[in-house]
Amino acid sequence: MTKITYIEHNGKEHTIDVQNGLTVMEGAVQNDIPGIDADCGGSMACATCHVYVKDDWYDKLDEKSEGEDDMIDQAYEPKKNSRLSCQITVSDKTDGLVVHLPEKQV
Amino acid sequence: MIKTDALIIGAGPTGLFTAHQLKIIGLDCQIVDNLDKIGGQCIELYPDKPIYDIPAIPECTGEELTQNLIKQLEPFKIKFHLNERVDEVKKDNNTWEVKTSNGTKFSTPNVIIAGGVGSFEPRKFSLKECEQFENKSIFYSIKNKKIFEGKTVTIFGGGDSALDWAVELSKTSKVNLIHRRDEFRGANATVDKVHELAKSGKINLFTKYQLSGIGGSRNLESVEITHENKEVKTFKTDYMLGFFGLIMQLGPIANWGLNLDKKTIEVDTEKFETNQKGIYAVGDICTYPGKLKLILSGFHEGALAARACFKLARPNEKYRFEFTTSSKTIKNRLGVKSD
Chain A
15 MTKITYIEHN GKEHTIDVQN GLTVMEGAVQ NDIPGIDADC GGSMACATCH
65 VYVKDDWYDK LDEKSEGEDD MIDQAYEPKK NSRLSCQITV SDKTDGLVVH
115 LPEKQV
Chain B
2 MIKTDALIIG AGPTGLFTAH QLKIIGLDCQ IVDNLDKIGG QCIELYPDKP
52 IYDIPAIPEC TGEELTQNLI KQLEPFKIKF HLNERVDEVK KDNNTWEVKT
102 SNGTKFSTPN VIIAGGVGSF EPRKFSLKEC EQFENKSIFY SIKNKKIFEG
152 KTVTIFGGGD SALDWAVELS KTSKVNLIHR RDEFRGANAT VDKVHELAKS
202 GKINLFTKYQ LSGIGGSRNL ESVEITHENK EVKTFKTDYM LGFFGLIMQL
252 GPIANWGLNL DKKTIEVDTE KFETNQKGIY AVGDICTYPG KLKLILSGFH
302 EGALAARACF KLARPNEKYR FEFTTSSKTI KNRLGVKSD
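Residue numbers (my numbering), protein chains in the order written: chain A, 15 to 120; chain B, 2 to 340.
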């Protein structure tokens, strides 16, 4: 189990144990964390699981998937540290990861 | 007022196969979809991506699946109402009165919602102030390009729509093109063309910039953009165009008095009926214990909902189950010769 912290736009923090191998998106959906819609179910066909990765974590994560930035172009208020949470796989390496959720997804 | 036995909302794979099932059992139906083409998410989100879990089809793309479903519907000459969103569904005795965004009206005992994750709508600028100029000087699609002649147009986005319009409008307007990163996701030839036009001064290209403000009282007058490194630029503009792709929104469906669970509609698993008699939900938009968001599940749900429609559309007749392999009646409907 790996600890992931999701911080809602209003500042509310949720730190939960997510099973290795799941994605950061699945961790949020399975634990009913508001603010991640994941309309397409993780097929990288929408941009509604968009998160901002805490700056010191951004470079530690694996590179973005091919086409991920194309989808982030279509997200709500993308920033430099934007990622799609369905493309971040939880592992021992991501223990303690902090992601901020945007004001909204659509 | 168009009368039909069943109205299907959504022309994705589930809506298409549901139409097939209705026609097979002798009911007529029409289909409404907010997109300008048939196919739903398969066509809009992943036309080229291969799908591997359609029974008896080892591999096909979203586009191929759509083409095959359309082909399967050919004998039935189904009427499609594209570019129309269903806005209102109201009860009138035993029928539902349905109104679309174009004003088309239907009267039907059965409404089948096969709406996926809702209707596709353009993503808009997140800046609140943009709303007041929407459809006046801020647009998310172009109906009449003549209005831009001789004007300054500021285009935001990095996909084909943004690039194609930047190239096209640069012939007759002053064009600024703004995108959040250096890479574009449009076709290579168009990207090259944009860079060429930027070099020759026909397009003012700003990358790593995003919208941060607008100015103007009655009309849009200026736009402010901010670079990743916080540097701010302001310039005059007459029009702004935003091309950030499409988002899916449940939209008016939320107001029809249906029991919802998050963005999905609760149904039973016998008829796939909602809490409203005569309104069904099938495919990704419905939910029930054990629901799987697979295309094959949508096909099953549509087949059962179609049988439930029979009862309300033909209250004085008894539905008789028949196989397509042996039924003369069905073969007549399909226009094929029976042995």
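Where is the CB? At the ideal position from N, CA and C, for every residue including glycine.
{"Asked": "To which residues of the same chain is V283(B) closer than 7 Å at the C-beta, ignoring the five residues directly before and after it?", "Found": "T15, T19, I113, A115, F273, G299, E302, G303, A306"}
{"Asked": "Please report whether the beta-carbon of G55(A) lies at a distance below 9 Å from any beta-carbon of chain B.", "Found": "yes"}
{"Asked": "Would you please state the rounded distance, in angstroms, between the beta carbons of V275(B) and N260(B)? I believe it to be under 8 Å.", "Found": "Here residue 275(B) is Thr; the residue named in the question, Val, does not match the sequence. With a Cβ gap of about 7 Å, T275(B) and N260(B) count as contacting."}
{"Asked": "Would you kindly report the start and end of the unbroken alpha helix (DSSP H) that includes H21(B)?", "Found": "14 to 25"}
{"Asked": "On the CB-based measure, 16 or more other CB atoms within 10 Å of its CB, does S171(B) come out buried or exposed?", "Found": "buried"}
{"Asked": "Please classify E40(A) as buried or exposed, where buried requires at least 16 other C-beta atoms within 10 Å of its C-beta.", "Found": "buried"}
{"Asked": "Measure the alpha-carbon distance for R182(B) versus N84(B) and round it to whole angstroms.", "Found": "32 Å"}
{"Asked": "Any Cβ of chain A within less than 9 Å of the Cβ of E184(B)?", "Found": "yes"}
{"Asked": "My guess is that M2(B) and S102(B) are in contact by the Cβ rule of under 8 Å, so how many angstroms apart are they, rounded?", "Found": "With 8 Å as the limit, M2(B) and S102(B) do not qualify as a contact, their Cβ atoms being about 17 Å apart."}
{"Asked": "Residues in its own chain within less than 6 Å of G214(B) by CB, not counting five upstream and five downstream?", "Found": "E225"}
{"Asked": "For a quick check, are the C-beta atoms of M1(B) and S127(B) less than 9 Å apart?", "Found": "A question about residue 1(B) goes unanswered here, because the residues of chain B that appear run from 2 up to 340."}
{"Asked": "Sorted by chain position, which residues of the same chain lie with C-beta nearer than 8 Å to D343(B)'s C-beta, five sequence neighbours on each side aside?", "Found": "In the structure as shown, chain B begins at 2 and stops at 340. Residue 343(B) is therefore absent and cannot be evaluated."}
{"Asked": "Starting from N69(B), trace the alpha helix (DSSP H) both ways and give me its first and last residue.", "Found": "63 to 74"}
{"Asked": "Any residues in the region 79 to 91 of chain A with a beta carbon nearer than 7 Å to a beta carbon of chain B? Which ones, in chain order?", "Found": "D83, D84, D87, Q88, Y90, E91"}
{"Asked": "Have a look at N136(B) and F149(B) and give me their C-alpha separation to the nearest angstrom.", "Found": "13 Å"}
{"Asked": "Compute the distance between the beta-carbons of I32(B) and G63(B), then report whether it is under 9 Å.", "Found": "no"}
{"Asked": "May I ask you to report which of helix, strand or coil DSSP gives I86(A)?", "Found": "helix"}
{"Asked": "Should D51(A) be flagged as near chain B, meaning a C-beta pair shorter than 9 Å?", "Found": "yes"}
{"Asked": "Give the straight-line distance between the Cα atoms of I266(B) and D53(A), rounded to the nearest whole angstrom.", "Found": "14 Å"}
{"Asked": "For M2(B), return the contacting residues in chain A, with the cut-off set at a CB-CB distance below 8 Å.", "Found": "Going along chain A, no residue has its Cβ under 8 Å from M2(B), so there is no contact; the nearest lies around 33 Å."}
{"Asked": "So F134(B) packs on L221(B), CB below 8 Å; how close in whole Å?", "Found": "5 Å"}
{"Asked": "For V233(B), which residues from the same chain have a beta carbon less than 8 Å from its beta carbon, with the 5 sequence-adjacent residues on both sides left out?", "Found": "S213, E225, I226, T227"}
{"Asked": "How long is the line joining the alpha carbons of I35(A) and V104(A), rounded to whole angstroms?", "Found": "The sequence shown places Gly at residue 35(A), not Ile. One C-alpha to the other measures close to 5 Å."}
{"Asked": "Quick one: complete beta strand (DSSP E) runs, 3+ long, within the region 71 to 155 of chain B?", "Found": "80 to 83, 87 to 93, 96 to 101, 106 to 109, 111 to 114, 120 to 123"}
{"Asked": "Taking a contact to mean a Cβ-Cβ separation below 9 Å, would you say V87(B) touches I280(B) in this structure?", "Found": "no"}
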